[in-house]
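Participant: In our numbering, the protein residues as written are 98 to 371.
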Amino acid sequence: APVKASESISTGVFSRGRAAIAARTLRTDRWWVPPALTVLGLGAFVVYATVRSFVRTAYWVNDFHYLTPFYSPCLSASCVEGSSHFGTPIGQLPMWIPLGFLVLPFLLLFRLTCYYYRKAYYRSVWMSPPACAVAEPHAKYSGETKLPLIIQNAHRYFFYVAVIISVINTYDAVISFHAKDGGFGVGLGTVVITANALLLWAYTLSCHSCRHIAGGRLKHFSQHPVRYRFWTVVSKLNTRHMQLAWTTLGTLVLTDFYVMLVASGTISDPRLIG
Ligand code: FES
Numbered sequence: 098a099p100v101k102a103s104e105s106i107s108t109g110v111f112s113r114g115r116a117a118i119a120a121r122t123l124r125t126d127r128w129w130v131p132p133a134l135t136v137l138g139l140g141a142f143v144v145y146a147t148v149r150s151f152v153r154t155a156y157w158v159n160d161f162h163y164l165t166p167f168y169s170p171c172l173s174a175s176c177v178e179g180s181s182h183f184g185t186p187i188g189q190l191p192m193w194i195p196l197g198f199l200v201l202p203f204l205l206l207f208r209l210t211c212y213y214y215r216k217a218y219y220r221s222v223w224m225s226p227p228a229c230a231v232a233e234p235h236a237k238y239s240g241e242t243k244l245p246l247i248i249q250n251a252h253r254y255f256f257y258v259a260v261i262i263s264v265i266n267t268y269d270a271v272i273s274f275h276a277k278d279g280g281f282g283v284g285l286g287t288v289v290i291t292a293n294a295l296l297l298w299a300y301t302l303s304c305h306s307c308r309h310i311a312g313g314r315l316k317h318f319s320q321h322p323v324r325y326r327f328w329t330v331v332s333k334l335n336t337r338h339m340q341l342a343w344t345t346l347g348t349l350v351l352t353d354f355y356v357m358l359v360a361s362g363t364i365s366d367p368r369l370i371g
């Protein structure tokens, strides 16, 4: 496409100091495939999570103490009996407010401001730019220096909240070791919920902010052996941050879907113990 006058001076790729190439890109490979897949993947998750957060059905299996992560913690008097492990400090909620409304916004903000997800949606949704050596369509670039993107700098604080939520997910995993007649039990649901909680920990701890909290601003690692050890572990996890980001989106959906199937009586939970 021909370069518009406004583009010729303002955007990064078309700015004065760059080679004057009229085409938006000279790439001939299918550079649009990764951003397109990203839009599909993120879009599917957002649609699924939104629908499930609002429907208020089949989120708790009383027999085996399975709670879906989308409703955890369930703190409202509107939660079904048995699902409120931390009491019901919040009264009844109208149908248009999800029962997980206290936690869901923070989880969303944690993922929205995540360094990996930024890369993903800046490229795929915002197309800024959509791929290496492909010019972006926007005329101006202010980066993360203004509202709303300046909020990206608060990622570290959303990380702290995500750690608390991971502890709550761990609690949900522990109580899922429950037999129908009380006592200790293990079913396929226990395995699914526990695997999801472990992977959520791996994603949360592999966070770039976590890595900085662990080992940042230290002059001498030798004088801080514990932080150095922690930083080393987090650094290893951090190299898999993208994979963990996608894996946990998948396991969140899988866990919720599984709890929904069992809670609604569509399938029965295969039991290993109890
Ligand atoms: Fe992705 Fe912190 S950088 S969760």
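By construction, the Cβ of each residue, glycine as well, lies at the ideal position given by its N, Cα and C atoms.
So which of Pro166, Ala133 and Thr135 has the shortest CA-CA distance to Phe354?
Facilitator: Restricting attention to Pro166, Ala133 and Thr135, the CA atom closest to the CA of Phe354 is found in Pro166.
Participant: According to DSSP, what are the bridge partners of Gly284?
Facilitator: Gly284 is bridged to Arg368.
Participant: Can you tell me the Cα-Cα spacing of Ser112 and Thr122, whole angstroms?
Facilitator: 15 angstroms
Participant: Could you tell me which residues DSSP pairs with Trp157 in its beta bridges?
Facilitator: Leu164
Participant: From the DSSP output, which residues share a beta bridge with Val231?
Facilitator: Thr122 and Ala228
Participant: Suppose only complete runs of 4+ residues qualify. What are the alpha helix (DSSP H) ranges in the region 185-244, listed by chain order?
Facilitator: Secondary structure within the region 185-244: the alpha helix (DSSP H) runs of 4 or more consecutive residues, fully enclosed, are 201-209 and 212-221 (chain order).
Participant: Using beta-carbon positions only, say whether Leu297 and Ser263 come within less than 7 angstroms of one another.
Facilitator: yes
Participant: Over what stretch of residues does the alpha helix (DSSP H) that includes His317 continue unbroken?
Facilitator: Unbroken run through His317: none, as it is neither H nor E.
Participant: Taking the alpha carbon of Leu137 as the point to measure from, which residue in Leu190, Val152, Val222 and Phe183 has its own alpha carbon closest?
Facilitator: Val222
Participant: Kindly indicate which residue of Ser332, Val231 and Gly240 has the alpha-carbon position closest to the one of Arg127.
Facilitator: Residue nearest to Arg127 within the set Ser332, Val231 and Gly240 is Val231 (criterion: CA-CA distance).
Participant: At least one CB of chain B closer than 7 angstroms to the CB of Ser221: is that the case?
Facilitator: Among the chains in the structure shown there is no chain B, since it carries only a single protein chain.
Participant: Output the distance between the C-alpha atoms of Val359 and Arg115, rounded to the nearest integer angstrom.
Facilitator: Each residue's CA atom was taken as its position, placing Val359 and Arg115 some 59 angstroms apart.
Participant: Confirm, please, whether the CB-CB distance from Ser173 to Leu190 is below 7 angstroms.
Facilitator: Their beta carbons are under 7 angstroms apart, which means Leu190 touches Ser173 by this criterion.
Participant: Taking only three categories from DSSP, how would you classify Ser105?
Facilitator: Unreliable positioning characterises Ser105 in this predicted model, as indicated by a pLDDT of 49, which lies under 50. A coordinate reading is not provided.
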